[in-house]
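Structure first, then comments.
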Amino acid sequence: MARTKIKVKQLIEKSKDSTLLAVEIYNKPRTAFRSSGFIVLMHIAWTSLFHYIGRGRHLGNELQMREQTLPQKNQKVQFSAETASRKIYFS
Numbered sequence: 002m003a004r005t006k007i008k009v010k011q012l013i014e015k016s017k018d019s020t021l022l023a024v025e026i027y028n029k030p031r032t033a034f035r036s037s038g039f040i041v042l043m044h045i046a047w048t049s050l051f052h053y054i055g056r057g058r059h060l061g062n063e064l065q066m067r068e069q070t071l072p073q074k075n076q077k078v079q080f081s082a083e084t085a086s087r088k089i090y091f092s
């Protein structure tokens with residue numbers, strides 16, 4: 002269980018690092034293939050973020066999710082990337 006918690010924490014760090022590196026690469030004017038690099042790194046960042054969310058829910062208290070906030074069985078769910086990033090990066 003402790004090893005799983007370490008992996009979950011590594012996922013959020015990977016997501017943050019990939020995001021920062023993507024923005025850094027995109028902002029360098031003389032870098033070749035900067036759009037492609039940005040897209041690849043942001044894809045890695047979002048994938049890591051979603052893995053973090055999924056594994057955190059599996060662990061229970063990692064994301065401090067409550068039963069009331071989980072959607073019902075047939076309920077449509079809208080996911081806001083802005084809301085998720087605020088909860089993850091600024092909490």
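Quick note on my numbering: the sequence shown kicks off at 2 and runs consecutively. C-beta: ideal position from N, C-alpha, C; glycine also.
The DSSP-derived three-state label of Thr32 is coil. In this structure, the CA atom of Asp18 is about 8 Å from the CA atom of Ala46. Remark: C-beta atoms of Gly38 and Ile26 approach each other more closely than 8 Å. Distance between Leu50 and Gln11, taken at the CA atoms: about 10 Å.
Across the structure, Ser36 and His44 are spaced so that their CA atoms are roughly 12 Å apart. The alpha-carbon separation between Ala23 and Ile40 amounts to approximately 8 Å.
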